[in-house]
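Trainee: Sharing a structure, written as structure tokens. Questions coming.
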Amino acid sequence: MPDANRLKSVFAHIEKSRENSVTRLVNYLRQPSISNTGEGIAATAQLLADQLASLGLHSEIFSTARNPVVVGRWQAGEDRPTMLFYGHYDTQPPEPLEAWTTPPFEPSIRDGRIYARGAGDNKGQHFAQILAVESWLAVHGELPCNLIVMLDGEEEIGSPSLPAFVGAHRDRLKADLVVTADGSMHHSGSPIIQFGVRGFAGFELRAKGARRDVHSGNFGNIAPNPIWTLIHLLGTMKSPDGKITIDGVLDRVIAPTEDELAAAAALPVDVEGVFRDLALDRLDEPADRPYYNRLMFHPTLTINGLHGGAQGDQIKTIIPSEARCKCEMRLIVAQDPHEVLDLIEAHVRRHAPEVDFIRLHTTPPSRTPIASRFTAPLIEAITTARGVGPLIYPSVGGTLPDYVFTKILGVPTFLIPYANADQANHAPNENMKLECFIAGIRTGAAILSYIGDMRDAV
Ligand SMILES: [Zn+2]
Numbered sequence: 002m003p004d005a006n007r008l009k010s011v012f013a014h015i016e017k018s019r020e021n022s023v024t025r026l027v028n029y030l031r032q033p034s035i036s037n038t039g040e041g042i043a044a045t046a047q048l049l050a051d052q053l054a055s056l057g058l059h060s061e062i063f064s065t066a067r068n069p070v071v072v073g074r075w076q077a078g079e080d081r082p083t084m085l086f087y088g089h090y091d092t093q094p095p096e097p098l099e100a101w102t103t104p105p106f107e108p109s110i111r112d113g114r115i116y117a118r119g120a121g122d123n124k125g126q127h128f129a130q131i132l133a134v135e136s137w138l139a140v141h142g143e144l145p146c147n148l149i150v151m152l153d154g155e156e157e158i159g160s161p162s163l164p165a166f167v168g169a170h171r172d173r174l175k176a177d178l179v180v181t182a183d184g185s186m187h188h189s190g191s192p193i194i195q196f197g198v199r200g201f202a203g204f205e206l207r208a209k210g211a212r213r214d215v216h217s218g219n220f221g222n223i224a225p226n227p228i229w230t231l232i233h234l235l236g237t238m239k240s241p242d243g244k245i246t247i248d249g250v251l252d253r254v255i256a257p258t259e260d261e262l263a264a265a266a267a268l269p270v271d272v273e274g275v276f277r278d279l280a281l282d283r284l285d286e287p288a289d290r291p292y293y294n295r296l297m298f299h300p301t302l303t304i305n306g307l308h309g310g311a312q313g314d315q316i317k318t319i320i321p322s323e324a325r326c327k328c329e330m331r332l333i334v335a336q337d338p339h340e341v342l343d344l345i346e347a348h349v350r351r352h353a354p355e356v357d358f359i360r361l362h363t364t365p366p367s368r369t370p371i372a373s374r375f376t377a378p379l380i381e382a383i384t385t386a387r388g389v390g391p392l393i394y395p396s397v398g399g400t401l402p403d404y405v406f407t408k409i410l411g412v413p414t415f416l417i418p419y420a421n422a423d424q425a426n427h428a429p430n431e432n433m434k435l436e437c438f439i440a441g442i443r444t445g446a447a448i449l450s451y452i453g454d455m456r457d458a459v
């Protein structure tokens, strides 16, 4: 059992430092760090490295092909578990500037929220982790576990350097678990713990007809229509009842475990509310699947766009010369995106050999078992910090590069978001509730405490 007083004194310090913590978050948010353009990236990496060094962590800046990774380490002892806190210091660009009530890099506090680019995604969240470490050190002089803080500068552009960086520094980054504070809490305000993400495999199909657009009367039934070619091909990939019909792509999909099914079934869901919000009256096929099972335990095959010929309001009686289609699959453990693309390409070769197949972005899926030995201490830590236990998400529908930890480092990975659900990340007026920020610092401290007490986990 954790020594409750040890954590209580850290909570007291966090409470006492509330104003100072907010002031320092304001200062941090003043510093732009836009990975898209590179603006402020080097300065922010330096600022973070200095910050970690000032706490007594061994801190380093590693250059990559693009933006640097900042790593700080605390060595508590061989007999203690090692936790890796991951976050990203880069942000999305702030445009459109005119849509912001106050400028994106002049942080403003209104109605209990701090508004700035990066407030929730992700500066407010990893800064809460850093302040948790600082508070712990201020009270106890040492951390209860070994800690690696790793801050990525490319998350908002897909972390292109991260897999190679993690692969090259496996020894340095050797940890027992990874905890990431990113994303949003439940819209009810309930905390969340997430165990996985879906992967991603994007591709484009291009069909060609005549050398140029031709008259649809003079060449109707003469020139083949590339849009029909794509439609027929797409029709062989998914049936009207929602079944993906590409040979082999579902072979590696692993059925959810009993505890994953139970966790998904226990999540609150308001399907009627979703229908109202989106003006829908039914869910996608197949019809018989529960809401969260669709997002967590099944891959998707989505047509993102189909283009060719007359577009918009124009009427143009042609047979187009070209058609293009962008598609994606969201993948479930243990599908491999490259293997999936190989199978799709083979399917295209079989059904429409004249269609070009172009590979786009890929990210492998990731899933940490709920049965991990770290699950109970993390849930207790969240509950202690917030007074209410987290909702348990075996996976989320979206895609994050968690696989670099679960597959390249081979360690269990947990996503514990600190930001409010209406943080407007990537949008104008991005914000984080100050209560969420402070609760994030408390949660970070509680996680250090509960993981630090797991001496037998080493
Ligand atoms: Zn983001």
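Throughout the sequence shown, residue numbering follows our numbering, covering 2 to 459 in sequence. Every residue gets a Cβ at the ideal spot worked out from N, C-alpha and C, and that includes glycine.
1) Could you give the distance in angstroms between the alpha-carbon of P366 and the alpha-carbon of T318?
2) So, helix, strand or coil for A440, using DSSP?
3) Here's the rule I'm using: 16 or more other beta-carbon atoms within 10 Å means buried, otherwise exposed. How should N21 be labelled?
4) Assuming G236 is part of the alpha helix (DSSP H), what are its boundary residues?
5) What are the complete beta strand (DSSP E) segments, minimum 3 residues, inside the segment 115-155?
6) Verify whether the separation of the beta carbon atoms of N123 and G88 is less than 7 Å.
7) Could you check if M2 is buried or exposed, using at least 16 other CB atoms within 10 Å of its CB as the buried criterion?
8) Any contact between the segment 99-112 and the segment 175-191? By contact I mean 3 or more CB pairs, one from each, below 8 Å.
9) In or out: G309 buried (at least 16 other Cβ within 10 Å) or exposed?
10) Measuring only from the beta carbon, is E155 closer than 6 Å to any heavy atom that is part of ligand 3?
11) Quickly, what does DSSP pair E61 with across the bridge? List them, please.
12) With a Cβ-Cβ cutoff of 7 Å, do A176 and I149 count as a contact?
13) Quick one: give me the first and last residue of the alpha helix (DSSP H) that H14 is part of.
14) Are the segment 423-438 and the segment 196-216 touching by the rule of at least three beta carbon pairs closer than 8 Å?
15) Using DSSP with H/G/I as helix, E/B as strand and the rest coil, what is N305?
16) Note down, in chain order, each residue of its chain lying with its Cβ closer than 7 Å to the Cβ of R67, except the 5 sequence neighbours on either side.
17) So, with DSSP's three-state summary, where would you put M2?
18) Using the C-alpha atoms, what's the distance from H188 back to D423?
19) With three or more C-beta pairs closer than 8 Å as the rule, is the segment 245-262 touching the segment 368-376?
20) From what residue to what residue does the alpha helix (DSSP H) around G274 run?
21) Please tell me whether, using a cut-off of 6 Å, the distance from the CB of D282 to the nearest non-hydrogen atom of ligand 1 is below it.
22) Less than 6 Å between the CB of D242 and some heavy atom of ligand 1, yes or no?
23) Enumerate, from N- to C-terminal direction, the unbroken beta strand (DSSP E) stretches of 3 or more residues contained entirely within the segment 180-207.
24) Regarding D278 and ligand 1, is the C-beta to nearest heavy atom distance less than 6 Å?
25) Within the chosen definition, does the segment 313-329 reach the segment 219-237 through at least 3 CB pairs nearer than 8 Å?
26) Would you please state the rounded distance, in angstroms, between the beta carbons of P164 and V405? I believe it to be under 8 Å.
27) Quick one: is the Cβ of D122 within less than 6 Å of any heavy atom of ligand 1?
28) According to the neighbour-count rule (16 or more other Cβ atoms, all chains shown, within 10 Å of its Cβ), is S450 buried or exposed?
29) Could you name the residues of the same chain whose beta carbon sits closer than 8 Å to that of P287, not counting the 5 residues immediately before and after it, in chain order?
30) According to DSSP, is E355 helix, strand or coil?
31) Going by beta-carbon coordinates alone, are A265 and P95 separated by less than 7 Å?
32) Should V412 and Q195 be called a contact, given that it needs their Cβ atoms to be closer than 7 Å?
33) Where does R456 sit, in a helix, a strand or coil, going by DSSP?
34) Return no unless some Cβ of chain B is closer than 7 Å to the Cβ of P354.
35) Does DSSP put N21 in a helix, a strand or coil?
36) State the beta-bridge partners of V215 as determined by DSSP.
Mentor: With the structure as the only source:
1) Indexing the sequence shown from 1 puts residue 366 at position 365. Indexing the sequence shown from 1 puts residue 318 at position 317. The straight-line gap from Cα to Cα measures roughly 44 Å.
2) The residue given as residue 440 occupies position 439 in the sequence shown. Helix at A440.
3) One-based indexing of the sequence shown puts residue 21 at position 20. Under this definition N21 is an exposed residue.
4) Counting from one through the sequence shown, the residue named residue 236 turns up at place 235. P227 to G236 is the span of the alpha helix (DSSP H), which, as asked, contains G236.
5) Within the segment 115-155, the runs of beta strand (DSSP E) that reach at least 3 residues and sit entirely inside it are, in chain order, 147-153.
6) Numbered from its first residue, the sequence shown carries residue 123 at position 122. Numbered from its first residue, the sequence shown carries residue 88 at position 87. Contact: yes.
7) Taking the sequence shown and counting its residues from 1, one reaches residue 2 at position 1. Caution is warranted here: a pLDDT of 46 is assigned to M2, below 50, making its placement in the model unreliable, and the coordinate value is therefore given only provisionally. Around the Cβ of M2, a 10 Å sphere holds fewer than 16 other Cβ atoms; the residue is exposed.
8) No, because fewer than three Cβ pairs between the segment 99-112 and the segment 175-191 fall closer than 8 Å, the two stretches do not touch.
9) Along the sequence shown, read from residue 1 onward, the residue named residue 309 stands at position 308. Residue burial annotation: G309 is buried, with at least 16 other C-beta atoms found within 10 angstroms of its C-beta.
10) This structure lacks ligand 3; its bound ligands are ligand 1.
11) Against the sequence shown, residue 61 aligns to sequence position 60. In DSSP, E61 forms a bridge with V72.
12) Position 175 of the sequence shown, counted from the start, is the residue given in the question as residue 176. Position 148 of the sequence shown, counted from the start, is the residue given in the question as residue 149. It is a contact, given that the beta carbons lie within the stated cut-off.
13) Taking the sequence shown and counting its residues from 1, the one referred to as residue 14 is at position 13. Unbroken alpha helix (DSSP H) run through H14: A5 to K17.
14) No, they do not touch.
15) Walking along the sequence shown from the start, residue 305 turns up at place 304. The answer is strand: DSSP assigns N305 an E or B state.
16) Here the question's residue 67 lines up with position 66 in the sequence shown. Around R67: E155, P161 and S162.
17) Here residue 2 corresponds to residue number 1 of the sequence shown, with the count starting at 1. Below a pLDDT of 50, predicted positions are generally treated as unreliable, and M2, at 46, falls in that range; the measurement from the model is reported next regardless. In the structure shown, M2 sits in coil (DSSP, three-state: anything other than H, G, I, E or B).
18) To locate residue 423, count along the sequence shown from 1; it is residue 422. To locate residue 188, count along the sequence shown from 1; it is residue 187. Straight across, the Cα-Cα distance linking D423 with H188 is about 7 Å.
19) The segment 368-376 vs the segment 245-262: in contact.
20) As a position in the sequence shown, residue 274 is number 273, starting the count at 1. Unbroken alpha helix (DSSP H) run through G274: V272 to L279.
21) Residue mapping note: residue 282 aligns to position 281 of the sequence shown, counting from 1. Taking 6 Å as the cut-off, the C-beta of D282 does not count as close to any heavy atom of ligand 1.
22) If you number the sequence shown from 1, residue 242 lands on position 241. Result no, Cβ not under 6 Å from ligand 1.
23) For the segment 180-207, whole beta strand (DSSP E) runs of length 3 or above, ordered along the chain, are 193-195.
24) Stepping through the sequence shown from its first residue, residue 278 is reached at position 277. Placement of the Cβ of D278 at a distance of 6 Å or more from every heavy atom of ligand 1 is found.
25) Flag = yes, the segment 313-329 and the segment 219-237 touch.
26) Walking along the sequence shown from the start, residue 164 turns up at place 163. Walking along the sequence shown from the start, residue 405 turns up at place 404. The Cβ separation is near 5 Å, so the contact holds.
27) Reading the sequence shown from its first residue, position 121 is the one you call residue 122. Yes, ligand 1 has a heavy atom inside 6 Å of this Cβ.
28) The residue given as residue 450 occupies position 449 in the sequence shown. The residue in question, S450, is buried, as its Cβ has 16 or more Cβ neighbours within 10 Å.
29) In the sequence shown, counting from the first residue as 1, residue 287 sits at position 286. D242, G243 and K244, listed in sequence order.
30) On the sequence shown, residue 355 is found 354 positions in, with the first residue counted as 1. Looking at E355 - three-state DSSP - the assignment turns out to be coil, as it is neither helix nor strand.
31) Within the sequence shown, the letter at position 264 stands for residue 265. Within the sequence shown, the letter at position 94 stands for residue 95. Judged by beta-carbon spacing, P95 lies beyond the 7 Å limit of A265, meaning their Cβ atoms are not closer than that value.
32) In the sequence shown, the residue the question calls residue 412 occupies position 411. In the sequence shown, the residue the question calls residue 195 occupies position 194. Contact: no.
33) As a first step, residue 456 is located in the sequence shown; it is residue number 455 there, counting from the start. Reduced to three states, the DSSP call for R456 is helix.
34) In summary, chain B is missing from the structure at hand, where a single protein chain is found.
35) Taking the first residue of the sequence shown as 1, we reach residue 21 at position 20. N21: helix per DSSP, three-state reduction.
36) On the sequence shown, position 214 is the one that residue 215 refers to. The partner list for V215 (beta bridge, DSSP) reads I320.
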